[in-house]
Amino acid sequence: MGRVMSIDYGRKRVGLAVTDPLKIIATALDTVGADRVLEYIETYRQKEEIELFVVGLPKNLDNTDAESMADVKPFVKRLEKKFDIPIVWVDERYTSKLAMRAMIDAGIRKSERRKKENTDKISAVIILQSYLESITLK
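One point on numbering: in the working numbering, the residue at position 10 of the sequence shown is 958, and numbering is uninterrupted.
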(Lines of atoms letter the chains of each structure in order from A and count residues from 1; the text may use other names and numbers.)
(Lines give C-alpha, C1' and ligand atoms only; values in the text may rest on other atoms or scores of the structure.)
Protein backbone atom coordinates (compact mmCIF):
# COMPACT_ATOMS: atom_id res chain seq x y z
CA MET A 1 0.00 0.00 0.00
CA GLY A 2 1.30 3.38 -0.96
CA ARG A 3 1.40 6.53 1.09
CA VAL A 4 -0.07 9.93 0.39
CA MET A 5 2.44 12.79 0.45
CA SER A 6 1.43 16.38 0.97
CA ILE A 7 3.46 19.30 -0.28
CA ASP A 8 3.33 22.84 1.08
CA TYR A 9 5.35 24.53 -1.66
CA GLY A 10 7.11 27.81 -1.07
CA ARG A 11 9.62 29.74 -3.15
CA LYS A 12 12.43 28.96 -0.67
CA ARG A 13 11.24 25.99 1.39
CA VAL A 14 8.86 23.10 0.93
CA GLY A 15 7.09 21.40 3.82
CA LEU A 16 6.40 17.69 3.36
CA ALA A 17 4.15 15.29 5.23
CA VAL A 18 3.10 11.68 4.61
CA THR A 19 0.48 9.23 5.72
CA ASP A 20 1.10 5.83 7.17
CA PRO A 21 0.52 2.98 4.68
CA LEU A 22 -3.11 2.61 5.85
CA LYS A 23 -3.70 6.32 5.23
CA ILE A 24 -4.95 7.00 8.74
CA ILE A 25 -2.29 9.26 10.27
CA ALA A 26 -0.62 12.34 8.76
CA THR A 27 2.94 12.88 9.96
CA ALA A 28 5.44 15.66 9.30
CA LEU A 29 8.26 14.42 7.12
CA ASP A 30 10.70 17.25 6.49
CA THR A 31 11.27 20.74 5.17
CA VAL A 32 13.63 20.96 2.21
CA GLY A 33 14.87 23.70 -0.07
CA ALA A 34 12.63 24.32 -3.07
CA ASP A 35 15.59 23.67 -5.35
CA ARG A 36 16.06 20.15 -3.89
CA VAL A 37 12.50 18.97 -3.33
CA LEU A 38 12.15 16.78 -6.43
CA GLU A 39 15.40 14.98 -5.61
CA TYR A 40 14.25 14.52 -2.01
CA ILE A 41 10.94 13.03 -3.17
CA GLU A 42 12.76 10.69 -5.56
CA THR A 43 15.00 9.44 -2.75
CA TYR A 44 11.99 8.97 -0.47
CA ARG A 45 10.13 7.13 -3.22
CA GLN A 46 12.97 4.62 -3.52
CA LYS A 47 12.18 3.55 0.06
CA GLU A 48 8.41 4.05 0.21
CA GLU A 49 5.65 3.87 -2.38
CA ILE A 50 3.77 7.13 -2.98
CA GLU A 51 0.37 6.72 -4.58
CA LEU A 52 -0.86 10.30 -4.41
CA PHE A 53 0.46 13.83 -4.00
CA VAL A 54 -1.67 16.40 -2.17
CA VAL A 55 -0.49 19.91 -3.00
CA GLY A 56 -1.50 23.02 -1.09
CA LEU A 57 -3.55 25.35 -3.28
CA PRO A 58 -2.71 28.97 -2.41
CA LYS A 59 -5.92 31.03 -2.42
CA ASN A 60 -6.84 34.50 -1.25
CA LEU A 61 -9.80 35.08 1.05
CA ASP A 62 -11.95 36.01 -1.98
CA ASN A 63 -11.12 32.59 -3.52
CA THR A 64 -8.81 34.00 -6.22
CA ASP A 65 -5.37 32.52 -6.73
CA ALA A 66 -2.79 33.88 -4.31
CA GLU A 67 0.36 35.50 -5.64
CA SER A 68 2.38 32.41 -4.73
CA MET A 69 0.39 30.39 -7.28
CA ALA A 70 2.86 31.76 -9.85
CA ASP A 71 5.53 29.61 -8.13
CA VAL A 72 3.36 26.60 -7.34
CA LYS A 73 2.02 25.95 -10.86
CA PRO A 74 5.45 25.51 -12.50
CA PHE A 75 6.51 23.26 -9.61
CA VAL A 76 3.44 21.06 -10.07
CA LYS A 77 4.19 20.79 -13.81
CA ARG A 78 7.70 19.55 -12.96
CA LEU A 79 6.24 17.17 -10.36
CA GLU A 80 3.82 15.73 -12.95
CA LYS A 81 6.58 15.35 -15.50
CA LYS A 82 9.01 13.59 -13.14
CA PHE A 83 6.53 11.26 -11.39
CA ASP A 84 3.58 9.42 -12.84
CA ILE A 85 1.58 9.93 -9.66
CA PRO A 86 -1.86 11.60 -9.39
CA ILE A 87 -2.05 15.05 -7.81
CA VAL A 88 -4.89 16.50 -5.78
CA TRP A 89 -5.10 20.18 -4.81
CA VAL A 90 -6.22 21.15 -1.30
CA ASP A 91 -7.00 24.70 -0.20
CA GLU A 92 -4.19 25.87 2.06
CA ARG A 93 -5.77 29.07 3.39
CA TYR A 94 -5.02 29.59 7.08
CA THR A 95 -2.60 26.64 7.31
CA SER A 96 0.28 28.82 8.55
CA LYS A 97 -1.93 30.29 11.28
CA LEU A 98 -3.23 26.84 12.21
CA ALA A 99 0.34 25.52 12.29
CA MET A 100 1.40 28.30 14.64
CA ARG A 101 -1.60 27.64 16.87
CA ALA A 102 -0.78 23.90 16.92
CA MET A 103 2.80 24.63 17.99
CA ILE A 104 1.62 26.97 20.75
CA ASP A 105 -0.93 24.40 21.94
CA ALA A 106 1.77 21.72 21.93
CA GLY A 107 3.94 23.87 24.18
CA ILE A 108 6.72 24.33 21.63
CA ARG A 109 9.18 27.01 22.70
CA LYS A 110 9.00 30.40 21.01
CA SER A 111 12.51 29.97 19.56
CA GLU A 112 11.36 26.78 17.78
CA ARG A 113 8.12 28.40 16.60
CA ARG A 114 10.13 31.16 14.91
CA LYS A 115 11.83 28.62 12.63
CA LYS A 116 9.91 28.79 9.36
CA GLU A 117 10.79 25.18 8.51
CA ASN A 118 8.72 24.01 11.48
CA THR A 119 5.71 25.99 10.27
CA ASP A 120 6.14 24.57 6.75
CA LYS A 121 6.20 20.95 7.98
CA ILE A 122 3.19 21.41 10.20
CA SER A 123 1.32 23.22 7.40
CA ALA A 124 1.94 20.17 5.19
CA VAL A 125 0.46 17.97 7.93
CA ILE A 126 -2.61 20.21 8.15
CA ILE A 127 -3.06 20.08 4.37
CA LEU A 128 -2.76 16.30 4.42
CA GLN A 129 -5.11 15.94 7.39
CA SER A 130 -7.65 18.13 5.59
CA TYR A 131 -7.44 15.83 2.56
CA LEU A 132 -7.82 12.69 4.71
CA GLU A 133 -10.87 14.16 6.42
CA SER A 134 -12.41 15.07 3.06
CA ILE A 135 -12.16 11.51 1.73
CA THR A 136 -13.46 10.07 5.00
CA LEU A 137 -16.61 12.18 4.72
CA LYS A 138 -17.44 10.86 1.25
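Using N, Cα and C, we set each Cβ at its ideal position, and we do this for glycine too. Computed from a predicted model, the values in this text were never measured in an experiment.
| Check | Outcome |
| --- | --- |
| Pick from L964, D956, I972 that is closest to S1082, judged by C-alpha positions | I972 |
| 7 Å CB neighbourhood of G950 in its chain, flanking five on each side removed | E997, I998, E999 |
| Collapsed DSSP secondary structure at D1010 in the structure displayed | coil |
| Straight-line Cα distance separating S1078 from S1016 | 20 Å |
| Touch test, the stretch 985-994 against the stretch 1019-1038, Cβ-Cβ under 8 Å, three pairs minimum | yes |
| For I955 and L964, the rounded distance between their alpha carbons | 5 Å |
| Cutoff 7 Å; reference F1023; Cβ partners in own chain excluding five residues on either side | Y957 |
| Simplified DSSP state of I1074, which is helix, strand or coil | helix |
| Among D978, K995, R961, A982, the one whose alpha carbon lies nearest that of P969 | K995 |
| Classification of A974 by the beta-carbon crowding that lies within 10 angstroms, buried from 16 upward | buried |
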